Amino acid sequence: MNFKKFFSTIFQQTKSESPKLKPDDFTKKYLIDYLLSLDTIYKNKSNQGLKFEYFIQILYELAGYQVEITDKSKEVGVDIIAKDNEGQIIFIQCKHHSLSANTPKIVGISDIQKFNGIPGANKKVFITTSFFTGNVNSTQNDYPNIEFIDRKGLLQFINQIVPDLLVEYIFLNNLKENNIKECYKCHNGYIIKKYSETRNYYFYACTNYPNCDYKKEDLSNGHWNKNKRTTQKSNFNSKRSC
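Heads up: take any position in the sequence shown, counting from 1, add 2, and you land on my numbering.
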């Protein structure tokens, strides 16, 4: 998989028309939200696949291509058709498989052979959110007209097209994994759990303090109510003794 050659070709073709490949705020938010939910398992598989196709469409449009998602009712056998500045036709096949599934699916040789047999393109790209089987990896040289992009390659692709997007995705995904959220009050900091030694209780506060005074007691595991319960118990015992 010669990514360097593949991606450099994209930028050579689009440099004159798109010197700045930056999405608007709405598109950027959509792309990041999609990446953060990349392994979400949908009950409706067609919607799952269509969301991925739309995601890939946007990436190619940002790279300067004319892109069209095909009408599935016509059974074209190709998910996306793209055209570069020189009129070269590219067939793109998208396979979304969630890695969070109990038994994640991977792309096998039969999918590649079927895609390879579809005529009408100058070049083809097979993109998956999962991986390719060993049979596919060992026979890629037999399909010189197809570029193979797996989960790792997809992230490399995004990094070449919109590097700032990938950086923000990695950052937000780290926050998500650690259950840290943006501050609801100032939107410039992040809410983290803290501990007060003087008051002996846990609470949540904004990292932007003292510019932001957001604060909320932690009610989980009874941390905040510890002293309160002790006081209530003491009052209850006092009443009983009376």
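Think of the CB as a built atom: it goes at the ideal place given N, C-alpha and C, for glycine as much as any other residue. A quick note: this is a predicted structure, and the numbers were derived from the prediction, not measured.
### Message
I need the straight-line Cα distance from I2 to F28, nearest angstrom please.
### Response
What the structure shows of the chain is the stretch from 3 to 244, and residue 2 is not part of that stretch, so it cannot be assessed.
### Query
Helix or strand or just coil, what does DSSP make of F133?
By one-based count along the sequence shown, residue 133 stands at place 131. In the structure shown, F133 sits in coil (DSSP, three-state: anything other than H, G, I, E or B).
### Task
Using DSSP bridges, identify the partner residues of Y204.
Position 202 of the sequence shown holds residue 204. According to DSSP, Y204 bridges with Y197.
### Message
I need the boundaries of the alpha helix (DSSP H) containing K85, first residue and last residue.
### Response
Taking the sequence shown and counting its residues from 1, one reaches residue 85 at position 83. Here K85 belongs to no alpha helix (DSSP H); instead the beta strand (DSSP E) covers I82 to K85.
### Query
Excluding five sequence neighbours on each side, which residues of the same chain lie with their C-beta closer than 6 Å to the C-beta of Y36?
Here residue 36 is taken as the residue at index 34 of the sequence shown, counted from 1. Here the set comprises F57.
### Task
Assess, as a yes-or-no matter, whether the region 185-192 is touched by the region 46-66 under the definition of 3 or more beta carbon pairs within less than 8 Å.
Too few Cβ pairs lie closer than 8 Å, so no.
### Message
Please report the distance separating the alpha-carbon of S132 from that of D41.
### Response
Translated into the one-based positions of the sequence shown, residue 132 becomes position 130. Translated into the one-based positions of the sequence shown, residue 41 becomes position 39. Distance from the CA of S132 to the CA of D41, rounded to the nearest whole angstrom, comes to 10 Å.
### Query
How far does the beta strand (DSSP E) with K97 in it reach, from first residue to last?
As a position in the sequence shown, residue 97 is number 95, starting the count at 1. The continuous beta strand (DSSP E) containing K97 extends over residues I91 to K97.
#### Entry: Reduced DSSP secondary structure (H/G/I, E/B, other) of V127
The residue labelled residue 127 in the question sits at position 125 within the sequence shown. The answer is strand: DSSP assigns V127 an E or B state.
### Query
By Cβ distance below 8 Å, which residues in the same chain neighbour K195 in space, the five residues on each side in sequence not counted?
Here residue 195 refers to the residue found at position 193 of the sequence shown. Result list for K195: Y204, F205, Y206 and D220, in chain order.
### Query
Which partner residues of F150 appear in the DSSP bridge assignment?
Residue mapping note: residue 150 aligns to position 148 of the sequence shown, counting from 1. F128, per the DSSP bridge assignment.
### Query
Going by alpha carbons, who is nearest to Y67 out of L177, I163, Y171 and S102?
Your numbering for residue 67 matches position 65 in the sequence shown. When L177, I163, Y171 and S102 are compared, the shortest CA-CA separation from Y67 is found for I163.
### Message
Once the 5 residues before and after K30 are set aside, which same chain residues still bring their CB inside 7 Å of it?
### Response
In the sequence shown, the residue the question calls residue 30 occupies position 28. Excluding residues within five positions, the ones whose Cβ falls inside 7 Å are L167.
### Task
Quick one: grab the DSSP three-state call for I34.
Looking up residue 34 in the sequence shown gives position 32. I34: helix per DSSP, three-state reduction.
### Query
Looking only at its own chain, which residues have a Cβ that is under 7 Å from the Cβ of S198, when we skip the five neighbours before and after it?
On the sequence shown, position 196 is the one that residue 198 refers to. Within the same chain, Cβ atoms closer than 7 Å to the Cβ of S198 are found at F205, the five residues on either side in sequence being excluded.
### Message
Among I151, V69, Q158 and Y32, whose alpha-carbon lies nearest the alpha-carbon of K97?
### Response
Against the sequence shown, residue 97 aligns to sequence position 95. Looking from the CA of K97, the closest CA among I151, V69, Q158 and Y32 belongs to I151.
### Query
How is the alpha helix (DSSP H) around V78 delimited, first residue to last?
Stepping through the sequence shown from its first residue, residue 78 is reached at position 76. Unbroken run through V78: none, as it is neither H nor E.
#### Entry: Y192 in three-state terms, based on DSSP
Counting from one through the sequence shown, the residue named residue 192 turns up at place 190. Looking at Y192 - three-state DSSP - the assignment turns out to be strand.
### Task
Have a look at S100 and N143 and give me their C-alpha separation to the nearest angstrom.
Stepping through the sequence shown from its first residue, residue 100 is reached at position 98. Stepping through the sequence shown from its first residue, residue 143 is reached at position 141. Taking the straight line joining both Cα atoms gives about 27 Å.
### Task
Assess, as a yes-or-no matter, whether the region 101-114 is touched by the region 82-89 under the definition of 3 or more beta carbon pairs within less than 8 Å.
These segments do not touch.
#### Entry: Contacts around E77, its chain only, beta-carbon distance under 6 Å, and the 5 residues preceding and following it disregarded
Your numbering for residue 77 matches position 75 in the sequence shown. No residues qualify anywhere along the chain.
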